[in-house]
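Trainee: Just passing along the structure, written as structure tokens.
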Amino acid sequence: MPRAVRPDRSINAEDYQHAPRPVAAMPKDYAPGEEIAPHSHRRAQLLYAVSGVMRITAEEMPAGQAAARPKGIWIVPPQRAVWIPSGCEHEVRMVGPVQMRTLYVEPDAAPGLPAQCRVIEVSGLLRELILALMDEPLDYAPDSRGAAVARLLLQELVAVEALPLHLPQPRDVRLQAVCRQIEARIGEELPLEDIARDAGMSSRTLARLFRRETGIGFQQWRQQARLAEALARLAAGQPVGIVATDLGYAGTAAFTAMFRRSLGTTPSRYFETRAPSPAARGRSR
1360 MPRAVRPDRS INAEDYQHAP RPVAAMPKDY APGEEIAPHS HRRAQLLYAV
1410 SGVMRITAEE MPAGQAAARP KGIWIVPPQR AVWIPSGCEH EVRMVGPVQM
1460 RTLYVEPDAA PGLPAQCRVI EVSGLLRELI LALMDEPLDY APDSRGAAVA
1510 RLLLQELVAV EALPLHLPQP RDVRLQAVCR QIEARIGEEL PLEDIARDAG
1560 MSSRTLARLF RRETGIGFQQ WRQQARLAEA LARLAAGQPV GIVATDLGYA
1610 GTAAFTAMFR RSLGTTPSRY FETRAPSPAA RGRSR
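Per this note's numbering, residue 1360 is the first one in the sequence shown, and the count goes up by one each step.
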């Protein structure tokens, strides 16, 4: 029979903020639609989705680096993870049931750890290291297997690259309303001129403000929003053809081409099941 995660593991995040070792691992499962209210941690963290999709809303910059920090949204599909720096306020919403495996990392545990939130591809090695640390005691000895796993984990985290699964959020209230409108009518090709008129500005002003506030163009933001919605629906088991139609694409081929440009592969390959090792099959808590 497969092993469950260690039965002595706490599912209270605060119990991990002053753990005796620089990297601590916590397993916890969540019900569909469950939410974690805005909060921050002393330690940085890596949230890994063994299954399910997470929607993270977080500050664009860690605490202390900007007086008024804008927020962004990161979509975390299954078998991917999101890195959240120390002191960064964030909230989490589960899309479907989520098996979450979290690493809490001391901010100075290794030079070069990411300073910004980012969604990352979890390689086979990184996945097995995350799950292996779940099976080690929190107070693993400095010369133990747990310490060796933690050291290699830190090297992998320094080297990871971000995935394009980020929706930067504007601070301007008019642009916030524009973003809500786009997400509410995600499958419609709303003309920029109509959206700008509803927001009380010219299309040129809207486009200029949008790029200044989010760092990307309006059309790119809309495509990112559609990609985020597609990932949530595909992870929930909706057929590619239905997702493509609902999101306004002319057909499956056009949707698949967009998906490949964004993520480097087709939807079916992206969601190929990677069997979790025994440590991932913990009991719901």
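Backbone N, C-alpha and C fix where the C-beta goes; we use that ideal spot for every residue, glycine too.
Per DSSP, W1442 forms a beta bridge with which residues?
Mentor: Partner(s): L1405, R1477.
Trainee: Can you tell me which residues form a DSSP beta bridge with G1431?
Mentor: DSSP lists A1417, P1527 as partners of G1431.
Trainee: CA-CA distance, S1369 and P1456?
Mentor: Roughly 20 angstroms separates the two Cα atoms.
Trainee: Can you list, in chain order, the residues of its chain whose CB lies under 6 angstroms from that of D1586, leaving out five sequence neighbours each side?
Mentor: The residue you asked about is not Asp; residue 1586 is Leu in the sequence shown. Same-chain partners within the cutoff: S1621.
Trainee: Where does S1369 sit, in a helix, a strand or coil, going by DSSP?
Mentor: Coil at S1369, not helix or strand.
Trainee: How would you call Y1375, buried or exposed, if buried means at least 16 neighbouring beta carbons within 10 angstroms?
Mentor: Answer is buried; the Cβ neighbour count reaches 16.
Trainee: Near H1449, which residues of its chain fall below 8 angstroms by C-beta distance, leaving aside the five closest residues on each side in sequence?
Mentor: Hits under 8 angstroms: P1397, H1398, S1399, I1415, T1416, A1417, E1418, I1443, C1476.
Trainee: At 4 residues or longer, what runs of the alpha helix (DSSP H) sit wholly inside the stretch 1583–1615?
Mentor: Those alpha helix (DSSP H) runs which fall completely within the stretch 1583–1615 and span 4+ residues are 1599–1605.
Trainee: Here's the rule: buried if 16 or more other CB atoms are within 10 angstroms of the residue's CB, otherwise exposed. What is V1409?
Mentor: The residue is buried, with at least 16 neighbouring Cβ atoms inside 10 Å.
Trainee: Within a Cβ cutoff of 6 angstroms, which residues of the same chain sit near I1432, ignoring the five residues on either side of it in sequence?
Mentor: If we look at I1432 and ignore the five residues flanking it on each side, its Cβ neighbours are T1416, L1526.
Trainee: Output yes or no for whether 8 angstroms exceeds the beta carbon distance between V1481 and A1440.
Mentor: Yes; because the gap between Cβ atoms is below 8 angstroms, this pair is in contact.
Trainee: Assuming L1405 and L1516 are in contact, meaning their beta carbons sit under 8 angstroms apart, how far apart are those beta carbons, in whole angstroms?
Mentor: Their Cβ separation, rounded to whole angstroms, is 7 angstroms, which keeps L1405 and L1516 in contact under 8 angstroms.
Trainee: In three-state terms, what does DSSP make of P1456?
Mentor: Strand.
Trainee: Locate the alpha helix (DSSP H) running through D1557, then write down its first and last residues.
Mentor: Unbroken alpha helix (DSSP H) run through D1557: 1551–1558.
Trainee: Between the alpha carbons of A1555 and Q1540, how many angstroms are there, rounded?
Mentor: Cα to Cα, A1555 sits roughly 11 angstroms from Q1540.
Trainee: Does the beta-carbon distance from S1445 to A1383 come in below 8 angstroms?
Mentor: No, these two residues do not count as a Cβ contact at 8 angstroms.
Trainee: For F1569 and S1561, I'd like the C-alpha separation in whole angstroms.
Mentor: Whole-angstrom Cα-Cα distance: 12 angstroms.
Trainee: When the Cα atoms are used, what is the spatial distance from L1513 to P1496?
Mentor: Straight-line Cα distance between these residues: approximately 18 angstroms.
Trainee: Helix, strand or coil for V1519 per DSSP?
Mentor: If DSSP states are grouped into helix, strand and coil, V1519 belongs with coil.
Trainee: Just how far apart, CA to CA, sit W1580 and E1588?
Mentor: Rounded to whole angstroms, W1580 to E1588 spans 12 angstroms at the Cα level.
Trainee: Put T1624 into one of helix, strand or coil per three-state DSSP.
Mentor: T1624 falls in the coil class under three-state DSSP.
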